[in-house]
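Worksheet for the structure shown next.
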């Protein structure tokens, strides 16, 4: 098992984490890890959805010949 630490959450969040973990047949730690991954993916999606900056479009439009 990897090294662990403790995080503090309010009781209602803890109960929700336990419920989510139970539904997904995983541990609370597994549910938290999944939530972190989904938040990271959400941030990546937001970054990809933003308009390109001028330097990015110039680079994409550059003549390769």
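Numbering (my numbering), first residue to last: 5 to 69.
Heads up, the beta-carbon is just placed ideally off N, CA and C, and yes, glycines get one too.
- Judged by DSSP secondary structure, residue 32 falls within the alpha helix (DSSP H) whose first and last residues are 32-53.
- Contact annotation: residue 39 and residue 31 have beta-carbon atoms that are not nearer than 7 Å.
- Note on geometry: alpha-carbon atoms of residue 6 and residue 45 lie some 23 Å from one another.
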